[in-house]
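Colleague: Per the numbering used here, the sequence shown starts with residue 1, numbered consecutively. Idealized CB from N, CA, C, for every residue including glycine. Let me give you the structure first, and then I'll get to my questions.
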Amino acid sequence: MSDFFEAGVVSVPSNFGPLRDADGNARVTGPCGDTMEFWISVIDGVVDDARYTSDGCMASNACGSLAAILARGRTPTEVENISQEEILSRARGIPESDRHCALLASNAIQAAVADYRRRNFASLRSGEKRAANARSIVQPRPSLIVSCRGTDGRDNALVVAYGSNCSYDPCAVMVGIVPTRFSYRLIKESGCFVVNIPSIHQRALYDYLGSHSGRDGDKLAVSGARCVDGDVVRAPLLVDCPVNIECVVTDSIVAGSHELFIGKIQKVHADSELVSDDGSVDWNKISLLQ
Ligand SMILES: Cc1cc2nc3c(=O)[nH]c(=O)nc-3n(C[C@H](O)[C@H](O)[C@H](O)COP(=O)(O)O)c2cc1C
C-alpha cells in the first residue's frame, strides 16, 4: 500500500467535495461504474482549489484526491495535462486491477476544466478566427422525430436534425430527408408528415428510430412507440412526444444530400400542461432532447 493509502485518504480527505461557487464542475462515470465528480475554482488564471467526490473504492478515492492536489496552483491547461500516468506515478501502491481509477480521475478533472472553459468562453476568446468544417455547422441542431405513412398504409418514423421553422405566414416547417431513407418515399408518396418533438424521456425511442430503418421491419411496433392517427394528415402522431405538428408538403427543394420538404402546418398538438392561455407552448416546462 502506498503512503497515500496509509495516510488515510479514504477517510474523507480535506479535498473531498463539493466546493461551493466552483468555476468548473463535472461528473464522470468510469467503465467500472464508479462515479467521480470534480469542482475547481480558478483565480487569476490558476486553479486555486480543487475538490472531488467519488462513490468508488479506496483506489478511486486515492486517485481523485491526488488529482485534486496536483491541480492546485496549475493553470487550466496544465490541469488538462494531468494524466493517468502522472496520478499513478504519485499514488504508489495502486493495485494493477485499480489503475483505471487514475484514468477516471484524469478524465473527471479534465471535464471540470472543460466546463470551466465553457462557462468562461466569452472572456477566453482571443478575437482571432480560423476556417472550420462546414458540415452541420449551424448549432444547436434540433432533435426531431418525423413520422409518416405510405400510400400502402405503412407507418414509419425517423430522427431528423436537419429541420427548422421556415415561415410564420403561413406557419411552416422544413425537414431535410436523405433520399435513401425509407421514410423519404413515404413522404414523397403521401405528401404529408408529422414533426414530433421529443423530451428527454424519449431518448431510447429517439436512439432506436435514428439508427434503424423501416426497410428492415416495423420500427414503430418494435420500439413500442404509441401512435394515433393525425386529425388532418394521413400520418401517425407519436403521442409520447409532448408536441406533434401535422404538416402537408407544399414544396421541396433538393439542397444536395438532403431534400428539404416544406411542410405547411395543419395542426399542432401539445400536452395540455404545456399550453398557456394564449395558446403558446411553454417550453420552459419540459426538457427537450439535445
Ligand atoms: C442525431 C441524428 C440526426 C439525424 N438527422 C437526419 C436528418 O436530418 N435527415 C435524414 O434524412 N436522416 C437523419 N438521420 C438518420 C436517420 O434518422 C436514420 O438513417 C434512420 O434510420 C432512417 O430511418 P428510415 O430508413 O426508416 O427512414 C439522423 C440520425 C440521427 C441519429
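1) Tell me the start and end of each unbroken beta strand (DSSP E) in the region 137-174 that is at least 3 residues and wholly inside, in chain order.
2) Exposed or buried, what is E6 when buried is set at 16 or more other beta-carbons lying within 10 Å of its beta-carbon?
3) The alpha helix (DSSP H) with A105 in it runs from where to where?
4) Between S60 and A204, what straight-line distance do the alpha-carbon atoms span, to the nearest angstrom?
5) Tell me which same chain residues have a C-beta within less than 6 angstroms of the C-beta of G210, skipping the five on either side of it?
6) For N196, write down the residues that DSSP places opposite it in a beta bridge.
7) Going by CA-CA distance only, name the one from A221, V178, R118, G73 that's closest to V46.
8) Less than 7 angstroms between C-beta atoms, sequence neighbours within five positions excluded: which residues of the same chain meet that for L88?
9) With burial defined as no fewer than 16 other Cβ atoms inside 10 Å of the residue's Cβ, what is the status of Q110: buried or exposed?
10) With respect to 8 angstroms, is the separation between the Cβ of K188 and the closest non-hydrogen atom of ligand 1 below this value?
11) For R149, which residues from the same chain have a beta carbon less than 7 angstroms from its beta carbon, with the 5 sequence-adjacent residues on both sides left out?
12) Below 8 angstroms on the Cβ atoms is my contact criterion, and I expect A248 with C166 to pass it. Report the Cβ-Cβ distance as a whole number of Å.
13) Among the candidates R130, V275, S65, G163, whose CA atom is the shortest distance from the CA of I262?
14) Report the rounded CA-to-CA distance for V42 versus D49, giving the unit in angstroms.
15) Cβ-heavy atom distance between G163 and ligand 1 below 8 angstroms?
16) Assuming the contact rule is C-beta atoms closer than 8 angstroms, I40 and A112 should be a hit. Round their C-beta distance to whole Å, please.
17) When you compare each of Q202, P13, D216, S257 to V243 by their alpha carbons, which one comes out closest?
Modeller: On the basis of the data shown:
1) 144-149, 155-160, 163-168
2) Since pLDDT at E6 reaches only 47, below the 50 mark, its modelled position is unreliable, and no value is offered.
3) 100-119
4) 31 angstroms
5) V159
6) I145, N244
7) G73
8) I94, R99, A102
9) buried
10) no
11) D155, L186, S190, R234, A235, P236
12) The sequence shown places Val at residue 248, rather than the Ala named in the question. With 8 angstroms as the limit, V248 and C166 do not qualify as a contact, their Cβ atoms being about 14 angstroms apart.
13) G163
14) 7 angstroms
15) yes
16) 5 angstroms
17) Q202
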